[in-house]
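A.B. asks:
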């Protein structure tokens, strides 16, 4: 089980973060970056999943910069509110919160990042701007950030049937960053989330194995 902690960013903003500890000594620290739905039950369970795999895992509630305690449903209303929130939020504040979470959990050892949906693009920026080795899942804004250059290793996962992320965008990233491993699955958007209609167990399991192997290779 995890617990809520408070982390403080370099601009003195404080946000809540869900922290989950492994049973034994951690092999690393993992910052989990949320979808547009907040640090909801799915993100908390995913954070605990990574703790079960040996990481000190922490998920900062970056929406706290606008509204505290945001946990949205996977429906049209949730999507609309989540999109409005990220439109107001920008990238700089969330990146400070990612760094604050990493610092708060630094006792876990080497720091890594993983993000989903909007958080998948945030994970890309964690690698390009913060130098945190990261894995980004179906980050729809990553192609628009293709001019960013990774300061740390990064891996990306996309679904071939993702109607919100055209393969042209994925190919743009491939062409600009040939050294970045990019995996495409026979799945749609949100294939890692077991409460979304496009959840795909096989794709989720394979992406997790690849992500864990990627991080393990950097320890």
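Numbering (this note's numbering), first residue to last: 1 to 219.
No residue lacks a Cβ here, since even glycine has one placed at the ideal position from N, Cα and C.
Owing to the predicted nature of the structure, the values given are computational and were not obtained by experimental measurement.
Looking at residue 136: is its Cβ nearer than 8 Å to the Cβ of residue 111?
C.D. replies: No; because the gap between Cβ atoms is not below 8 Å, this pair is not in contact.
A.B. asks: Can you tell me whether residue 72 is helix, strand or coil according to DSSP?
C.D. replies: Three-state DSSP puts residue 72 in coil, outside helix and strand.
A.B. asks: In three-state DSSP terms, what is residue 62?
C.D. replies: Of the three classes helix, strand and coil, the one that applies to residue 62 here is helix, per DSSP.
A.B. asks: Can you tell me the Cα-Cα spacing of residue 208 and residue 157, whole angstroms?
C.D. replies: Computed Cα separation, rounded: 10 Å.
A.B. asks: How big is the Cα-Cα spacing for residue 47 and residue 212?
C.D. replies: Their backbone Cα atoms lie some 14 Å apart in a straight line.
A.B. asks: Express the C-alpha separation of residue 79 and residue 226 in angstroms, rounding to a whole number.
C.D. replies: Residue 226 lies beyond the range of the chain shown here (1 to 219); nothing can be said about it.
A.B. asks: With a threshold of 8 Å, are at least 3 pairs of Cβ atoms found where one atom belongs to the region 1-16 and the other to the region 167-179?
C.D. replies: As far as the Cβ criterion goes, the region 1-16 does not touch the region 167-179, which means the pair count is below three.
A.B. asks: Excluding the 5 residues flanking residue 121 on each side, which residues of the same chain have their C-beta closer than 6 Å to its C-beta?
C.D. replies: If we look at residue 121 and ignore the five residues flanking it on each side, its Cβ neighbours are 139, 141, 142.
A.B. asks: In the DSSP assignment, find the beta strand (DSSP E) that holds residue 29 and state where it starts and stops.
C.D. replies: Looking at the DSSP string, the run of the beta strand (DSSP E) that includes residue 29 is 28-33.
A.B. asks: State yes or no: is the C-beta of residue 5 within less than 8 Å of the C-beta of residue 144?
C.D. replies: Not in contact: residue 5 and residue 144 (Cβ atoms no closer than 8 Å).
A.B. asks: Does the Cβ of residue 44 have 16 or more other Cβ atoms within 10 Å, making it buried, or fewer, making it exposed?
C.D. replies: So residue 44 ends up on the buried side.
A.B. asks: When burial is assigned at 16 or more other CB atoms within 10 Å of the CB, is residue 175 buried or exposed?
C.D. replies: Classification for residue 175: exposed.
A.B. asks: Would you call residue 134 buried or exposed, if buried means 16 or more other Cβ atoms sit within 10 Å of its Cβ?
C.D. replies: It is buried - the Cβ of residue 134 has at least 16 other Cβ atoms within 10 Å.
A.B. asks: For residue 113, which beta-bridge partners are listed by DSSP?
C.D. replies: Residue 113 is bridged to 31, 134.
A.B. asks: Spatial neighbours of residue 196 within its chain, please: CB distance less than 7 Å, with the 5 preceding and 5 following residues excluded, ordered by chain position.
C.D. replies: Counting only Cβ-Cβ distances below 7 Å, and skipping sequence neighbours, we find 74, 190.
A.B. asks: Counting along the chain, where does the beta strand (DSSP E) carrying residue 43 start and finish?
C.D. replies: Note, residue 43: premise wrong, no beta strand (DSSP E); alpha helix (DSSP H) at 41-52.
A.B. asks: Please go through the same chain and pick out, in chain order, the residues whose beta-carbon is closer than 6 Å to the beta-carbon of residue 54, but skip the five residues on each side of it.
C.D. replies: So the list reads 22, 27, once near-sequence residues are dropped.
A.B. asks: Give the DSSP-derived three-state secondary structure of residue 4 in the structure shown.
C.D. replies: The answer is strand: DSSP assigns residue 4 an E or B state.
A.B. asks: Pull up the distance between the alpha-carbon of residue 218 and that of residue 132, whole angstroms please.
C.D. replies: The straight-line gap from Cα to Cα measures roughly 11 Å.
A.B. asks: Can you give the Cα-Cα distance for residue 200 and residue 150, rounded to whole angstroms?
C.D. replies: About 29 Å.
A.B. asks: Do you know whose CA, among 127, 113, 68, lies nearest residue 58's CA?
C.D. replies: Taking only the C-alpha atoms, the option nearest residue 58 is 113.
A.B. asks: So if DSSP puts residue 165 in a beta bridge, which residue, or which two residues, is it bridged to?
C.D. replies: Residue 165 is not bridged to any residue.
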